[in-house]
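Quick note on numbering: the sequence shown equals residues 11 to 374 in our numbering.
Cβ atoms here follow ideal geometry from the backbone N, Cα and C, with glycine treated the same way.
Before any comments, here is the structure.
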Amino acid sequence: MPPLEAWEKVLITDMGFTEDAHDPLSCDGYSQLNCIGCHEGNNETQVKDEAHEGLIHDPSDTSCDSCHEEKALSSANSLHTTLDGMKTILEARGGLLNEGSPLDTAFDNHCDSCHTSCGQCHISRPTTLGGGLVSGHTFKAVPSLVENCGSCHGARVAAEYFGNNEGIPGDVHWTQSGMTCYDCHGDDEMHGVGQDANDRYHQPATPSCIDCHEDIETSNTQHQLHYDNLACQVCHSVEYKNCYNCHVDVSDNGTPYFTTDDSQMLFKIGLNPIQSDTIPYEYVVLRHIPATTDMFESYGSNLLPNFDNVPTWKYATPHNIQRLTPQNETCASCHDNESIFLNANDIPLGEQGANENVIVPELP
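So, in structure tokens, the structure goes:
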């Protein structure tokens, strides 16, 4: 997504803003919430530098909870804020994230900037994309599908959902029904419900296909046969993006950066690596992530000593659902079709140990 022009980032219009709940001037001229009420600074001067003394660029952490206490408390434990999904995986691989450790420094430089704040969803673009007001400082109760959700989740989720990958159709929930992110991913999931969560698939508000498709188990013979054993995406997803070989470093001028190899559009079925009461399926769709044993090598050697504890082919829920897919066309399209099942030949030697429990040993 291209960055905004400088003037676009800061332009405040009165369209919508004066009707917003956070409007500095209500219709009767009484100040409800003026600029310094959130951003502080000095409104007693017309000199720019003096006016900006003590200014808080993003006051989400210091202001929002004064009115939205319940949401702020819940959000403090949400994955959007804590990034515990990433931390859980690094720690499972033996990574030490104690303050000041080499891996902690790497995490701060390359991962921590991805976490969001109230304002980066409801007012501006995320800072990782250079920031900038989305709609003239209007507070959006529902974030922008493109400027907010898509700006962080664009490389995989948004591209799949909107059909931006060449030759791969968009998700039917978008192309046929025009559903947006928040039709499935609601307020409780985004803000959290005040409980700690280690990953996005095991939190109370995680959406499920059966939230809408309640009677799908008995709707046809195929569902009756496969419902308990296959994740929905095994039959109803198509090719999706897989990423490889990420390495992070810091440039000579101190700028953190990363490099990856070319991504690939693939569809692979494997064994379920996170089987649980809520995700009981034996076969699921797997996506390759770009983790490598030496991805943090520029910060120190062997920072992930137990790398093989977590697969590099991860449980996935691609957002490109189709009713009819190549693998559900006939029984033979899936059964004994070696090309769509993850096998040892798909795994490079350095990742064999990490993925031994998700490889399909015998074709169904």
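Query raised in the report: In terms of alpha-carbon separation, which member of GLU101, GLY204, GLY160, THR115 lies closest to GLU80?
Result: Nearest to GLU80 by alpha-carbon distance, out of GLU101, GLY204, GLY160, THR115, is GLY204.
Query - C-beta contact flag for CYS162 and PRO136 at 7 Å - result: Result yes, Cβ atoms of CYS162 and PRO136 sit closer than 7 Å.
Query raised in the report: Which of the three DSSP states, helix, strand or coil, is assigned to MET189?
Result: Correct three-state label for MET189: coil.
Query raised in the report: Rounded to a whole number of angstroms, what is the C-alpha to C-alpha distance between GLU217 and GLN56?
Result: At residue 217 the sequence reads Pro, which differs from the Glu that was named. Taking the straight line from one Cα to the other gives about 50 Å.
Requested in this report: Could you pull out every residue in the same chain whose Cβ sits closer than 8 Å to the Cβ of ASN367, ignoring the five residues on either side in sequence?
Outcome: Closer than 8 Å at Cβ, skipping near neighbours: LEU281, PRO283, PRO321.
Query raised in the report: Do the segment 292-304 and the segment 194-209 meet, that is, are 3 or more Cβ pairs less than 8 Å apart?
Result: Contact fails: fewer than three Cβ-Cβ distances are below 8 Å.
Requested in this report: Report all residues from its chain with a CB closer than 7 Å to the CB of ALA364; omit the five preceding and five following residues, and keep chain order.
Outcome: Excluding residues up to 5 positions away in sequence, PHE317, ASP318, VAL320, PRO321, THR322 lie with their Cβ nearer than 7 Å to the Cβ of ALA364 in the same chain.
**Report entry** Reduced DSSP secondary structure (H/G/I, E/B, other) of GLN280
**Finding:** At residue 280 the sequence reads Gly, which differs from the Gln that was named. Three-state DSSP puts GLY280 in a strand.
Query raised in the report: Is it a yes or a no for the segment 194-201 touching the segment 61-76, going by three-plus beta-carbon pairs under 8 Å?
Result: Contact fails: fewer than three Cβ-Cβ distances are below 8 Å.
**Report entry** Own chain partners of MET305 with C-beta closer than 6 Å, once the 5 adjacent residues on each side are dropped
**Finding:** For MET305, where only same-chain residues beyond five positions count, the Cβ hits under 6 Å are CYS256, HIS257.
Query raised in the report: Helix, strand or coil for HIS132 per DSSP?
Result: In the structure shown, HIS132 sits in a helix (DSSP, three-state: H, G or I).
Report task. Specify, as a first and last residue, the run of the alpha helix (DSSP H) that TYR171 falls within. Result -> That run of the alpha helix (DSSP H) goes 169-172.
Query raised in the report: Is it the case that the Cβ atoms of PHE117 and HIS132 are separated by a distance below 7 Å?
Result: With respect to HIS132, PHE117 sits apart: the two C-beta atoms are not nearer than 7 Å.
Query raised in the report: Which residues bound the alpha helix (DSSP H) around PHE117?
Result: PHE117 -> alpha helix (DSSP H) spans 112-120.
Query raised in the report: Excluding five sequence neighbours on each side, which residues of the same chain lie with their C-beta closer than 7 Å to the C-beta of GLU63?
Result: If we look at GLU63 and ignore the five residues flanking it on each side, its Cβ neighbours are GLY51, ASN52.
Requested in this report: Can you tell me which of SER286, PHE268, THR303, ALA165 puts its alpha carbon nearest to the alpha carbon of TYR250?
Outcome: Here the closest residue by C-alpha is ALA165.
Query raised in the report: CYS121: which of GLY142, ASP221, LYS97, ASN44 sits nearest, CA to CA?
Result: Closest by alpha carbon: LYS97.
Report task. For the alpha helix (DSSP H) holding LYS97, just list the boundary residues, first then last. Result -> Per DSSP, LYS97 is one residue of the alpha helix (DSSP H) stretching across 94-102.
Query raised in the report: Can you find at least 3 beta carbon pairs, one from the segment 235-250 and one from the segment 263-282, that sit closer than 8 Å?
Result: They touch, by the three-pair rule.
Query raised in the report: Helix or strand or just coil, what does DSSP make of LYS324?
Result: Here LYS324 carries a strand assignment [DSSP, helix/strand/coil].
**Report entry** Start-end ranges of the beta strand (DSSP E) lying completely within the segment 133-162, minimum 3 residues
**Finding:** Inside the segment 133-162, DSSP marks no whole beta strand (DSSP E) run of 3 or more residues.
Query raised in the report: Considering only C-alpha positions, which residue in the set SER145, LEU83, GLU101 is nearest to ILE22?
Result: Here the closest residue by C-alpha is SER145.
Query raised in the report: Relative to the alpha-carbon of GLU307, which residue among CYS245, PHE268, TYR325, GLN337 has its alpha-carbon at the smallest distance?
Result: Nearest C-alpha to GLU307: PHE268.
Requested in this report: Can you have a look at GLU18 and say buried or exposed, based on whether 16 or more other CB atoms are within 10 angstroms of its CB?
Outcome: With fewer than 16 other CB atoms across the displayed protein chains lying within 10 angstroms of its CB, GLU18 is exposed.
Requested in this report: Let me know if GLU372 comes out buried or exposed under the rule of 16 or more other beta-carbons within 10 Å of its beta-carbon.
Outcome: By the neighbour-count rule (16 or more Cβ atoms within 10 Å), GLU372 is not buried but exposed.
Query raised in the report: What does DSSP give as the partner residues of GLN274 in its beta bridges?
Result: ASN252.
Requested in this report: Spatial neighbours of PRO153 within its chain, please: CB distance less than 7 Å, with the 5 preceding and 5 following residues excluded, ordered by chain position.
Outcome: So the list reads CYS131, HIS132, CYS159, once near-sequence residues are dropped.
Report task. Helix, strand or coil for PHE317, going by three-state DSSP, please let me know. Result -> Secondary structure at PHE317: helix, using DSSP grouped into helix, strand and coil.
Requested in this report: Rank GLN186, ASN44, ASP356, TYR171 by C-alpha distance to the C-alpha of GLN274 and give the top, closest one.
Outcome: Of the listed residues, the one whose Cα sits closest to GLN274 is ASP356.
**Report entry** Identity of the residue in LYS278, HIS201, GLY177 nearest ALA354 by Cα
**Finding:** Cα-wise, what sits closest to ALA354 is LYS278.
Query raised in the report: In three-state DSSP terms, what is ARG166?
Result: Looking at ARG166 - three-state DSSP - the assignment turns out to be helix.
Query raised in the report: Along the chain, where does the beta strand (DSSP E) that runs through VAL258 open and close?
Result: Counting along the chain, the beta strand (DSSP E) containing VAL258 begins and ends at 257-260.
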